[in-house]
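Residue numbers (the working numbering): 297 to 614. A short write-up of the structure that comes next.
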Ligand SMILES: NC(=O)c1ccc[n+]([C@@H]2O[C@H](COP(=O)([O-])OP(=O)(O)OC[C@H]3O[C@@H](n4cnc5c(N)ncnc54)[C@H](OP(=O)(O)O)[C@@H]3O)[C@@H](O)[C@H]2O)c1
């Protein structure tokens, strides 16, 4: 059996123009104690993968080279390590594979992961769709429910609602019985309506706060900021006193003192992944994959995701 695998990797940080990401052969991992070796079939691409290539995470996490990008995986269990008993060879699984040290990512033929990170993949969707769920699904779940305490009957404003995280957040919030005001460019309004948004607002609008207030019909219970634009600054006054403000992009946004603020950095969580798989198989969560890339084009996928204008998800297909 080959001891090598094909992988996208880089040996120094760099900008996309410097093209640090190449594709070649690296040692194939094996399943250690409590681990499963996954044959990767699809790897979701996220903005953080591009930031990591630029070296923007190096002060937060130890990074080691050669570094394989990618934190999302859907695939098949190839081998189980000592005392790993939750899965068997051939099981279809998916995972959010962020570990304390960044080196062994998912843009490769194989990844070995603690089975604590892994859940059975949804059975009813393609590998591409399953690969697009973990990071954005967990982020939206942990933001809306763990941090934002969203409940039925409440109104949530989602800023950046047509991308990976936002498109899942719309659906999770609607499933929970909330009213959803979704912000993205007008080109994505039909898409967000299909996902369930009650009102769609363009962030280019001059009086965006007026439009949002009109659409909400009252103060907001939760603002969920998934964008790097200035909409939050223009709208945080619409949040009710004691309401929740959750950001995944800015740990210190301009905000009032009378609201509950939390910056969320998504954590691996297999039970929540199982719930996301259940919702997917029940037809209550759909991942829109706008483009797939072969592994050889990983650098192009990273350039696309860095635009912060991706509709739904993009995925690398092995
Ligand atoms: N902290 C965490 O754990 C965590 C987890 C996941 C993601 N993130 C971060 O969250 C952000 C969103 O991630 P993603 O994967 O959803 O990205 P994405 O797929 O690129 O989506 C970006 C979204 O932002 C919208 N947008 C772009 N410019 C905007 C502006 N000026 N004002 C308002 N909305 C704007 C886009 O809409 P249009 O295409 O219509 O412009 C799109 O809906 C990224 O910065 C990412 O790094 C953080």
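The beta carbon of each residue, even a glycine, is placed where N, CA and C say it ideally should be.
For residue 353, the three-state DSSP class (helix, strand or coil): Sequence index remark: in the chain shown, residue 353 carries index 57 (1-based). Note: residue 353 maps to coil in three-state DSSP.
Decide if the stretch 336–353 is in contact with the stretch 304–316; the criterion is three or more beta carbon pairs, one per stretch, under 8 Å apart. yes
Residue from 607, 606, 604 and 598 whose Cα sits closest to the Cα of residue 305: As a position in the chain shown, residue 305 is number 9, starting the count at 1. For residue 305, the nearest C-alpha among the options comes from 598.
Run of the alpha helix (DSSP H) containing residue 364, from where it starts to where it stops: By one-based count along the chain shown, residue 364 stands at place 68. Residue 364 -> not in any alpha helix (DSSP H); beta strand (DSSP E) instead, spanning 359–364.
Look at the alpha carbon of residue 515 and the alpha carbon of residue 446, and state the distance between them as a whole number of angstroms. Position 219 of the chain shown, counted from the start, is the residue given in the question as residue 515. Position 150 of the chain shown, counted from the start, is the residue given in the question as residue 446. Each residue's CA atom was taken as its position, placing residue 515 and residue 446 some 14 Å apart.
In terms of DSSP beta bridges, what is residue 540 paired with? Along the chain shown, read from residue 1 onward, the residue named residue 540 stands at position 244. According to the DSSP secondary-structure assignment, residue 540 is paired through a beta bridge with 518 and 556.
Rounded to whole angstroms, what's the CA-CA distance from residue 462 to residue 354? Just pull it up for me. Translated into positions along the chain shown, residue 462 becomes position 166. Translated into positions along the chain shown, residue 354 becomes position 58. Spanning the two alpha carbons is a distance of roughly 26 Å.
For ligand 1, any of its heavy atoms closer than 8 Å to the Cβ of residue 584? Along the chain shown, read from residue 1 onward, the residue named residue 584 stands at position 288. No, the Cβ of residue 584 stays beyond 8 Å of every heavy atom of ligand 1.
Rounded separation between residue 574 and residue 439 - CA only: Against the chain shown, residue 574 aligns to sequence position 278. Against the chain shown, residue 439 aligns to sequence position 143. In a straight line, the C-alpha of residue 574 is about 19 Å away from that of residue 439.
Check whether the stretch 418–426 touches the stretch 589–605, taking contact to mean three or more Cβ pairs, one atom from each stretch, closer than 8 Å. Result no; under three Cβ-Cβ pairs closer than 8 Å.
With a cut-off of 8 Å, do at least 3 Cβ pairs link the stretch 526–542 to the stretch 377–391? no
Return the bridge partner residues of residue 368 from the DSSP annotation. Counted from its first residue, the chain shown places residue 368 at position 72. 392, per the DSSP bridge assignment.
What three-state label does DSSP hand residue 568 in the structure shown? Within the chain shown, the letter at position 272 stands for residue 568. Looking at residue 568 - three-state DSSP - the assignment turns out to be helix.
Boundaries of the beta strand (DSSP E) in which residue 562 is found, first to last residue: The residue labelled residue 562 in the question sits at position 266 within the chain shown. Run containing residue 562: none; DSSP gives neither H nor E here.
As assigned by DSSP and simplified to three states, the class of residue 405: Residue 405 sits at position 109 when you count from the first residue of the chain shown. Of the three classes helix, strand and coil, the one that applies to residue 405 here is coil, per DSSP.
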